[in-house]
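Here the structure is laid out as structure tokens; the discussion comes afterwards.
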Amino acid sequence: MSRQRQLPSTRSYRAAVKAIVAAVQRRHDLNDVELADRLGCSASTVRNAKREHANLDAVTLASMEHRFGPGTLDPFLALGGSRAAPLTDTLPEIDPVLDIVGALHRLIAAQHSSSEHGYLITSQELLAILHELRDARIAFDTLIALAEPGLAAAPSATQKWFRDTFATPHEVDASDHQTARMQPGATDAPPTGFEGDALELTIEQLADRYGVSLEQVELWIRATDEELASGLARNKRTP
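Under our numbering, think of the first position of the sequence shown as 218, with each following residue one higher.
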């Protein structure tokens with residue numbers, strides 16, 4: 218039976234704010250006066266928040282998120298069962314498909330039977346791929362932000378990025394193709410044995426083994442992604 222989330226209260230709100238202030242001060246090495254200067258409030262306001270003696274106003278809370286980044290207010294938002302996601306207001310410096318596939322590849326490798334803990338994914342294994350998971354989350358959030366309000370409502374830089382990434386094929390100079398084909402092992406189709414290696418090695422290790430660029434390995438992973446996933450599913454069904 219699932220537990221019902223408790224209704225937020227002044228007590229739980231102040232506890233969440235205390236956790237936020239403590240985390241920000243610890244992460245950025247700020248004392249009460251320094252944090253107050255960043256937020257445009259008094260040091261006593263910060264101290265009262267840490268001691269759970271008073272509520273922070275909405276402007277100060279918004280300043281926390283603005284100053285220290287998306288996710289800063291997650292302990293507060295968790296009272297309502299949600300968390301923060303960054304808004305797409307600048308040109309994204311990502312390839313969302315590769316970021317998502319890269320994270321999936323690492324998850325599949327962590328859950329493979331030959332991994333350290335077999336089919337069980339441990340917190341240590343997740344910690345090792347935290348960077349890839351965060352990149353994938355940013356990729357998903359970017360695509361969702363584009364889908365929900367519609368492309369017409371997105372900033373002009375984001376609209377251009379979206380069209381360049383998805384709406385039209387990328388134009389690659391012929392010399393780039395020639396350079397890619399001159400690399401050892403660089404082909405459109407993954408080489409024999411790549412699928413098995415991809416389940417056990419990181420992207421960097423795969424690039425080193427086959428003597429190709431990280432971009433080439435990512436293209437091979439994208440090409441074999443469905444095969445990797447179906448192979449893992451078959452392994453799970455095997456007694």
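We put the CB at the ideal spot given by N, CA and C, even for glycine.
Write down the C-beta distance between L423 and H329 rounded to the nearest angstrom, noting that I regard them as a contact closer than 8 Å. As a working note, residue 423 is residue 206 in the sequence shown. As a working note, residue 329 is residue 112 in the sequence shown. About 14 Å; that fails the 8 Å criterion.
Three-state secondary structure (DSSP) of V429: Stepping through the sequence shown from its first residue, residue 429 is reached at position 212. In this structure, V429 counts as coil in the three-state DSSP scheme.
Could you compute how far the alpha carbon of Q376 sits from the alpha carbon of A271? As a position in the sequence shown, residue 376 is number 159, starting the count at 1. As a position in the sequence shown, residue 271 is number 54, starting the count at 1. Their backbone Cα atoms lie some 43 Å apart in a straight line.
Have a look at R426 and E435 and give me their C-alpha separation to the nearest angstrom. To locate residue 426, count along the sequence shown from 1; it is residue 209. To locate residue 435, count along the sequence shown from 1; it is residue 218. Going from the Cα of R426 to the Cα of E435 covers about 14 Å.
Residues near A236 by beta carbon distance below 8 Å, same chain, minus five either side: By 1-based counting over the sequence shown, the position of residue 236 is 19. Result list for A236: P292, in chain order.
Thinking C-alpha only, which one of L273, T382 and P313 is nearest R228? Taking the sequence shown and counting its residues from 1, the one referred to as residue 228 is at position 11. Selected option, being the one with the closest Cα: L273.
Just the C-alpha distance for Q400 and S373, rounded to the nearest angstrom, thanks. Walking along the sequence shown from the start, residue 400 turns up at place 183. Walking along the sequence shown from the start, residue 373 turns up at place 156. Note on Q400: pLDDT 47, under 50, position unreliable in the model; the coordinate value appears next. C-alpha separation (whole angstroms): 37 Å.
Between the segment 259-267 and the segment 237-250, do at least 3 Cβ pairs fall closer than 8 Å? yes
Are D358 and A275 touching if we call contact CB-CB under 7 Å? Residue 358 sits at position 141 when you count from the first residue of the sequence shown. Residue 275 sits at position 58 when you count from the first residue of the sequence shown. Contact: no.
Excluding the 5 residues flanking T277 on each side, which residues of the same chain have their C-beta closer than 6 Å to its C-beta? Residue 277 sits at position 60 when you count from the first residue of the sequence shown. Cβ within range, chain order: L256 and C258.
Same chain, Cβ closer than 7 Å to S332, five either side skipped, listed in chain order: If you number the sequence shown from 1, residue 332 lands on position 115. Contacts found: A326.
From A440 to E282, what distance separates their C-alpha atoms? Working through the sequence shown from its first residue, we reach residue 440 at position 223. Working through the sequence shown from its first residue, we reach residue 282 at position 65. Their Cα atoms are separated by approximately 39 Å.
Nearest neighbour of A320, chosen from A353, S299 and T382 [CA to CA]: Position 103 of the sequence shown, counted from the start, is the residue given in the question as residue 320. Of the listed residues, the one whose Cα sits closest to A320 is A353.
With 16 as the cutoff for other CB atoms within 10 Å, does T339 come out buried or exposed? Position 122 of the sequence shown, counted from the start, is the residue given in the question as residue 339. Exposed: under 16 other Cβ atoms inside 10 Å.
On the criterion of 16 or more Cβ atoms from any shown chain inside 10 Å, does S392 qualify as buried, or is it exposed? To locate residue 392, count along the sequence shown from 1; it is residue 175. With a pLDDT of only 43 at S392, under 50, the local geometry of the prediction cannot be trusted, and the value read off the model is given with reservation. Per the 10 Å Cβ criterion, exposed.
Assign H245 to buried or exposed, taking buried as 16 or more other Cβ atoms, counted over all protein chains shown, within 10 Å of its Cβ. As a working note, residue 245 is residue 28 in the sequence shown. Per the 10 Å Cβ criterion, exposed.
Note down, in chain order, each residue of its chain lying with its Cβ closer than 7 Å to the Cβ of F411, except the 5 sequence neighbours on either side. Within the sequence shown, numbered from 1, the residue matching residue 411 stands at position 194. If we look at F411 and ignore the five residues flanking it on each side, its Cβ neighbours are W437 and T441.
Does the Cβ-Cβ distance between V241 and K267 come in under 7 Å? On the sequence shown, residue 241 is found 24 positions in, with the first residue counted as 1. On the sequence shown, residue 267 is found 50 positions in, with the first residue counted as 1. Cβ atoms of V241 and K267: not closer than 7 Å.
What do you reckon, is the C-beta of L324 under 6 Å from a heavy atom of the ligand MN? Ligands displayed in this structure: none; no statement on the ligand MN is therefore possible.
Starting from the Cα of L360, find the closest Cα among L343, E342, D312 and L337 and give me that residue. Counted from its first residue, the sequence shown places residue 360 at position 143. Comparing Cα positions, the closest option is D312.
Given L296 as reference, the closest of R323, Q223 and P287 once Cα atoms are compared: For the purposes of this step, residue 296 is taken as residue 79 along the sequence shown, with counting starting at 1. Closest by alpha carbon: Q223.
Flag this pair as yes or no: are the beta carbons of L363 and F383 separated by less than 7 Å? As a first step, residue 363 must be located in the sequence shown, where it is residue number 146. As a first step, residue 383 must be located in the sequence shown, where it is residue number 166. Taking 7 Å as the Cβ cut-off, L363 and F383 do not qualify as a contacting pair.
Here's the rule I'm using: 16 or more other beta-carbon atoms within 10 Å means buried, otherwise exposed. How should R351 be labelled? The count along the sequence shown starts at 1 and reaches residue 351 at position 134. Exposed, by the Cβ-count rule.
For H322, which option in A369, S299, G428 and E421 has the closest C-alpha, if you only look at C-alpha atoms? Here the question's residue 322 lines up with position 105 in the sequence shown. Ranking A369, S299, G428 and E421 by Cα distance to H322 puts E421 first.
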